[in-house]
Structures are given as C-alpha cells and as structure tokens.
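Undergrad: First, the structure itself, so that you have it in front of you.
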Amino acid sequence: MFVGSPGAGDRNWVLVDAGIPGSKAAIRSAAAARFGEGARPAAIVLTHGHFDHVGVLEDLAEEWDTPVYAHGLERPYLDGSAAYPTPDPSVGGGLMARIAPLYPTKPVNVSSRLQMLPADGSVPPMPGWRWLHTPGHAPGHVSFWREADGSLIVGDAFVTTAQESAYAVATQEPEVHGPPMYLTIDWPAAGGSVRSLAALKPERAVTGHGRALHGPELRRGLDALAQDFERVAVPDQGRYVETPARAEDGSAYRSP
Numbered sequence: 001m002f003v004g005s006p007g008a009g010d011r012n013w014v015l016v017d018a019g020i021p022g023s024k025a026a027i028r029s030a031a032a033a034r035f036g037e038g039a040r041p042a043a044i045v046l047t048h049g050h051f052d053h054v055g056v057l058e059d060l061a062e063e064w065d066t067p068v069y070a071h072g073l074e075r076p077y078l079d080g081s082a083a084y085p086t087p088d089p090s091v092g093g094g095l096m097a098r099i100a101p102l103y104p105t106k107p108v109n110v111s112s113r114l115q116m117l118p119a120d121g122s123v124p125p126m127p128g129w130r131w132l133h134t135p136g137h138a139p140g141h142v143s144f145w146r147e148a149d150g151s152l153i154v155g156d157a158f159v160t161t162a163q164e165s166a167y168a169v170a171t172q173e174p175e176v177h178g179p180p181m182y183l184t185i186d187w188p189a190a191g192g193s194v195r196s197l198a199a200l201k202p203e204r205a206v207t208g209h210g211r212a213l214h215g216p217e218l219r220r221g222l223d224a225l226a227q228d229f230e231r232v233a234v235p236d237q238g239r240y241v242e243t244p245a246r247a248e249d250g251s252a253y254r255s256p
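Going by full-length UniProt numbering, the first residue of the sequence shown is number 1, and it counts up by one from there.
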C-alpha cells in the first residue's frame, strides 16, 4: 500500500510492502497515477518478508534507488542468509492452505539497502507513525500505528478474509480473521499480537489480505478475535501449533 498525499511527487511518499511476484508493473503504474510520473518513494517499509509481501522488492528497490526498512528479526530473510520455516498445509481451511507447499520461502537479498527500524518505535520515512512489534506470523512482523486518527497498517497480524479458502479470497467479503494459518509459526505470539492491536481501539485498519475495515465493524470483529483467539484462529492441528518456530532458539531460520 501507499502512504502519502495524492500528487506528493518524488521522494515524498512511502511504499509499505512490495507485492506478489509479477506485480512490479501494477505497483509502478498505481504509484505514477497517485504521486506523479517518475515519482519515487522515500523508502520501502516492510511489515515482514513473506513472498507475497516482497515479491518485487529487489527490482523496485534497485529501480527506485530507495532504502528498505524492516524489523531486525526479519533481517536474515532480507539479506539472503535464511529462509522461513516451511509452510504447513495440515492446518486445513481450504485450497489456499492445501497448496501452501508451493509457496516460496527463499529469502530475497536487499542487504545493501536494508535498514533496521529504530528501537524508539519511530518510522523515519513516515512522520506521525510508529511501528509495533506484532510477531507470530513471522518473527519480526510489525504493524504501523498512527494515533492521531486511529489508523493501523496491519500486515498479516490479522486479516479481513479467510485466507486459507480460495472462495473467500475470490469473494473478498470483509470479516476479521487471524493471520493466515499456513504460514503462521508461533500461535501464542500471534494471539498476543492480536490482543495488543485490539487494545488500541483503531478507527481503521488496512491488512495484507482482504479489504480495509473501519469504525464499529472493525472494532467488534477485532475484539471478538482477541477474546476468543485460541478457539477461532488457532487450527486444530498443525506443525507449529504444539511446536512454535521462534527466533530465540533459531528454529525460525532455515538454510536458504
């Protein structure tokens, strides 16, 4: 997604996450339409490094000659040194989960442009925003919070479609759900992240999958998810349900 005013011009906007593989032309076209022909971002800021959030990161970062910001625990996935844990199709939920072994987990390498988000919670290219560590779906997953108007950029800490179901992905009926099950590697951490976001009482949220939600509909759905996360979001079975993969013990990082 884009952060910046229409017509902002060169280096006056930010790209949050970098799409799926093959989306470069669509992102470039949308950026030109919103900010002006040839307008480059001040930075690319990542919620995390899964393939569907960094699909064209290397190409865009090079073409636009821009820095890339991410949490330190995502560094190995962004400098080529480690791969994510393998996706887990056993969680169930539909076709998108069943084909999870086909999803790429290899790292990208933007090490020459990579900068870590500051420890003070600020987001240098996004004044007024703060980053929040929201692990579970990925070790260094972050969300972005603008307190002034209650805006959240969530990444995949929670989503607004049942991402495991091809039908739900196609219809895009908005409904608050936990993070995509087939790529979530630490369910206790994921539940804690949802509860911390619900406590903010956001006015609007943009997620990595599904449509944006706002107002009472968002808060009701998010509160319900937070209160009953273990029952409604955690799968009945799965590789990481009983044995989370975590940065602390190195189990979240595989040889690429």
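Note that the Cβ used here is the ideal one computed from N, Cα and C, for glycine as well. In this text the structure is predicted, and so the values were computed from the model without any measurement.
If you follow the beta strand (DSSP E) that ALA43 is part of, which residue opens it and which one closes it?
TA: As a working note, residue 43 is residue 43 in the sequence shown. 43 to 45 is the extent of the beta strand (DSSP E) around ALA43.
Undergrad: Can you say whether LEU152 is buried or exposed, counting buried as having 16 or more other CB atoms within 10 angstroms of its CB?
TA: Taking the first residue of the sequence shown as position 1, residue 152 is located at position 152. Buried, since its Cβ has 16 or more Cβ neighbours within 10 Å.
Undergrad: Around the C-beta of GLU74, are 16 or more other C-beta atoms found within 10 angstroms, so that it is buried, or is it exposed?
TA: Counting from 1 along the sequence shown, the entry for residue 74 is found at position 74. By the neighbour-count rule (16 or more Cβ atoms within 10 Å), GLU74 is buried.
Undergrad: If you follow the alpha helix (DSSP H) that LEU102 is in, where does it begin and where does it stop?
TA: Numbered from its first residue, the sequence shown carries residue 102 at position 102. Looking at the DSSP string, LEU102 is not in any alpha helix (DSSP H), and its letter there is neither H nor E.
Undergrad: Quick one, are the C-beta atoms of SER23 and GLY55 less than 8 Å apart?
TA: Reading the sequence shown from its first residue, position 23 is the one you call residue 23. Reading the sequence shown from its first residue, position 55 is the one you call residue 55. A contact, by the Cβ cut-off of 8 Å.
Undergrad: So who's on the other strand from MET116, going by DSSP bridges?
TA: The residue labelled residue 116 in the question sits at position 116 within the sequence shown. DSSP, once it has assigned bridges, lists ALA70 as partnering MET116.
Undergrad: When the Cα atoms are used, what is the spatial distance from ARG34 to GLY128?
TA: Within the sequence shown, the letter at position 34 stands for residue 34. Within the sequence shown, the letter at position 128 stands for residue 128. Looking at the two C-alpha atoms, the distance is approximately 21 Å.
Undergrad: Using beta-carbon positions only, say whether THR134 and SER196 come within less than 8 Å of one another.
TA: Counting from 1 along the sequence shown, the entry for residue 134 is found at position 134. Counting from 1 along the sequence shown, the entry for residue 196 is found at position 196. Closer than 8 Å, so yes.
Undergrad: Extract the residue ranges of the beta strand (DSSP E) inside the stretch 126 to 181, only unbroken runs of 3 or more that lie entirely within it.
TA: Here the runs fully enclosed are 130 to 133, 142 to 146 and 151 to 155.
Undergrad: Indicate whether the contact test is met: 3 or more Cβ pairs, each with one atom in the stretch 50 to 65 and one in the stretch 218 to 236, closer than 8 Å.
TA: No contact exists between the stretch 50 to 65 and the stretch 218 to 236.
Undergrad: What residues in its chain sit with their C-beta under 6 Å from that of VAL123, if we drop five residues either side in the sequence?
TA: Sequence index remark: in the sequence shown, residue 123 carries index 123 (1-based). Correct list, in chain order: TRP129 and TRP131.
Undergrad: Out of PRO216, GLU58 and ALA148, point me to the one whose CA is closest to ILE20's CA.
TA: Sequence index remark: in the sequence shown, residue 20 carries index 20 (1-based). Looking at the Cα atoms, GLU58 is the closest of the given residues.
Undergrad: Measure the alpha-carbon distance for ARG146 versus ALA199 and round it to whole angstroms.
TA: On the sequence shown, residue 146 is found 146 positions in, with the first residue counted as 1. On the sequence shown, residue 199 is found 199 positions in, with the first residue counted as 1. One C-alpha to the other measures close to 14 Å.
Undergrad: Just list the alpha helix (DSSP H) runs in the stretch 187 to 231, keeping only unbroken ones of 4 residues or longer that don't cross its boundaries, in chain order.
TA: Segments of the alpha helix (DSSP H) lying fully in the stretch 187 to 231: 187 to 198 and 215 to 227.
Undergrad: List the endpoints of the continuous alpha helix (DSSP H) containing VAL241.
TA: Looking up residue 241 in the sequence shown gives position 241. Element bounds for VAL241: 239 to 242.
Undergrad: Would you mind sorting MET181 into buried or exposed? The rule is 16 or more other CB atoms within 10 Å of its CB.
TA: For the purposes of this step, residue 181 is taken as residue 181 along the sequence shown, with counting starting at 1. Classification for MET181: buried.
Undergrad: Against chain D, with Cβ distances strictly below 8 Å, would GLY92 count as a contact?
TA: As a matter of chain content, chain D is missing from the structure shown, which is built from one protein chain.
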